[in-house]
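Each residue of the sequence shown is one higher than the one before, starting from 0 at the first, in numbering that gives the first Met the number 0.
For each residue, glycine too, the CB sits at the ideal point set by N, CA and C.
Scroll down for the structure; my scribbles are underneath it.
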Amino acid sequence: MEQTPEAATPEAGGPTPARRALSPSRAGDFMQCPLLYRFRVVDRLPEEPSAAAARGTLVHAVLERLFDAPAADRTIEAAVDLLEPQWAALMEQEPELAALVGEGGTDEQTWMADAAELVRRWFALEDPTRLEPAERELYVEADVDGLTLRGYIDRLDEAPGDLLRVVDYKTGRSPSEFFEAKALFQMKFYALVLWRTRGVVPRMLQLVYLGNSEIVRYEPTEGDLLATERKIKALWEAIERAATTGDWRPHRTRLCDWCSHQALCPEYGGTPPPLPAHAIGLALDPVRSGEAVPAVD
């Protein structure tokens with residue numbers, strides 16, 4: 000087996016070098032479909048960004064930046080006014096985002112109006128003048144028996160008595176029961192990391208769905224988090240087996256409708272590309288398997 004490369008030395012507050020690592024997004028990929036994990040982690044196949052994803056990135060940025068203002072100034076108008084400068088800042092970082100506006104025949108004015116509507120819906124669900132987040136876009140990581148778990152939390156609220164609330168913004172609609180388990184796994188993943196690093200089980204996990212103005216709340220227990228820890232360990236063992244055997248079999252579900260790689264999937268008559276050299280090392284590379292980026296869905 001090729002020696003697994005280590006992550007680059009991080010900046011303060013960023014990822015630390017790890018021998019084995021897993022993020023909730025990469026764990027979710029493997030649970031959804033081992034072949035999807037291979038395509039994203041081993042092959043690094045490009046995926047076309049979408050206007051919806053770009054809008055999600057923008058709305059997340061606005062909801063984060065709004066808390067820079069004093070509580071009294073966190074109004075709907077102030078939040079909507081942040082859209083244009085935040086979009087300009089995002090395009091400066093990623094100029095290719097500009098091409099997404101107008102995708103599917105939607106003009107920029109309509110696209111921005113849709114983003115503004117998502118921001119307004121948030122105010123009907125939460126009152127930012129009464130919130131003082133302890134952390135925003137918080138990078139977290141914990142070691143679990145030699146496996147580093149890491150990711151980004153949209154917002155962490157803290158109340159006296161070590162009461163923690165983990166908040167995640169979703170710009171889509173609240174999912175059916177079939178899809179909800181995936182979202183809750185991500186939140187339990189974060190809760191497990193916080194428990195292992197702070198010794199406190201978060202009191203509340205909160206998913207804020209702006210697409211249909213709904214909040215999903217879950218109160219985890221130690222038993223929940225122990226079960227999540229066992230599941231994550233089993234997932235990593237399954238990833239190691241798939242890497243060693245080269246058996247990245249597809250798993251067909253309703254989520255396939257949104258997959259960018261149907262043309263290469265055997266379930267749809269396609270043929271995956273040959274495994275690259277050193278595929279085992281690539282599959283288990285902590286930089287790839289532990290890739291932690293702020294969520295924008």
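Under DSSP, the beta strand (DSSP E) around residue i begins and ends at which residues?
| i | result |
| --- | --- |
| Glu134 | 134-143 |
In this structure, how does DSSP classify residue i when only helix, strand and coil are distinguished?
| i | result |
| --- | --- |
| Gly268 | coil |
| Ala20 | strand |
| Gly210 | coil |
| Ala158 | strand |
| Thr109 | helix |
| Thr243 | helix |
| Leu274 | coil |
| Arg287 | helix |
| Asp153 | strand |
| Leu130 | coil |
| Arg229 | helix |
| Arg202 | coil |
| Thr147 | strand |
| Val192 | helix |
| Val100 | coil |
| Val165 | strand |
| Val215 | strand |
| Gly125 | In the sequence as presented, Gly is not what sits at residue 125; that position holds Glu. Note: Glu125 maps to coil in three-state DSSP. |
| Ala282 | helix |
| Val292 | coil |
| Ala182 | helix |
| Gly12 | Residue placement at Gly12 is flagged as unreliable, the pLDDT there being 48, under the threshold of 50; a coordinate-derived value is accordingly withheld. |
| Ala237 | helix |
In the DSSP assignment, the alpha helix (DSSP H) including residue i goes from what residue to what residue?
| i | result |
| --- | --- |
| Gly171 | Segment: none, Gly171 is in no alpha helix (DSSP H) and carries neither H nor E. |
| Thr252 | It is not in any alpha helix (DSSP H) - Thr252 carries neither H nor E in the DSSP assignment. |
| Thr74 | First-last for Thr74: undefined, no H or E at that position. |
| Trp86 | 82-92 |
| Gly55 | 50-64 |
| Pro45 | Note, Pro45: premise wrong, no alpha helix (DSSP H); not H, not E. |
| Pro33 | 33-36 |
In chain order, what residues of the same chain have a beta carbon less than 8 Å from the beta carbon of residue i, not counting five sequence neighbours either side?
| i | result |
| --- | --- |
| Arg25 | Tyr36, Arg39, Val40, Arg287, Ser288, Gly289, Glu290 |
| Trp110 | Ala50, Arg54, Val100, Gly101 |
Among residues of its own chain, excluding the 5 on either side of residue i, which ones have a beta-carbon nearer than 7 Å to its beta-carbon?
| i | result |
| --- | --- |
| Ala97 | Met90 |
| Pro249 | Cys32, Leu34, Cys264, Pro265, Glu266 |
| Pro132 | Phe66, Arg154, Leu155, Asp156 |
| Leu81 | Val61, Arg64, Leu65 |
Taking the Cβ atom as the reference point for each residue, do residue i and residue j lie within a distance shorter than 8 Å?
| i | j | result |
| --- | --- | --- |
| Met203 | Arg216 | yes |
| Asp156 | Leu206 | no |
| His260 | Leu44 | yes |
| Gly150 | Phe188 | yes |
| Arg172 | Gly210 | yes |
| Ala297 | Pro219 | In the structure displayed, the chain extends from 0 to 296; residue 297 sits before or after that span and is not available. |
| Leu224 | Phe29 | no |
| Ser212 | Ala123 | yes |
| Leu130 | Ile152 | no |
| Pro285 | Ala20 | yes |
Leaving out the 5 sequence neighbours to the left and right, which residues in its chain are closer than 6 Å to residue i when beta-carbon positions are compared?
| i | result |
| --- | --- |
| Val292 | none |
| Asp141 | Reading the sequence as shown, one finds Ala at residue 141 and not Asp. Cβ neighbours of Ala141 beyond the five flanking positions: Leu148, Val192, Arg195, Thr196. |
| Ala87 | none |
| Thr128 | Ala70, Arg73 |
| Arg251 | Glu266 |
Shorter than 8 Å from the beta carbon of residue i to some beta carbon of chain C?
| i | result |
| --- | --- |
| Glu179 | The displayed structure is made up of one protein chain only, and chain C is not part of it. |
Using a Cβ distance threshold of 8 Å, determine whether the region 198-212 contacts the region 157-171, with at least three qualifying pairs required. yes
Taking contact to mean at least 3 C-beta pairs separated by less than 8 Å, is the region 139-149 in contact with the region 70-84? Flag = no, the region 139-149 and the region 70-84 do not touch.
For the structure I just gave you, are there three or more beta carbon pairs, one from the region 266-278 and one from the region 51-58, closer than 8 Å? no
Counting pairs of Cβ atoms below 8 Å between the region 46-56 and the region 108-120, do you hit three or more? yes
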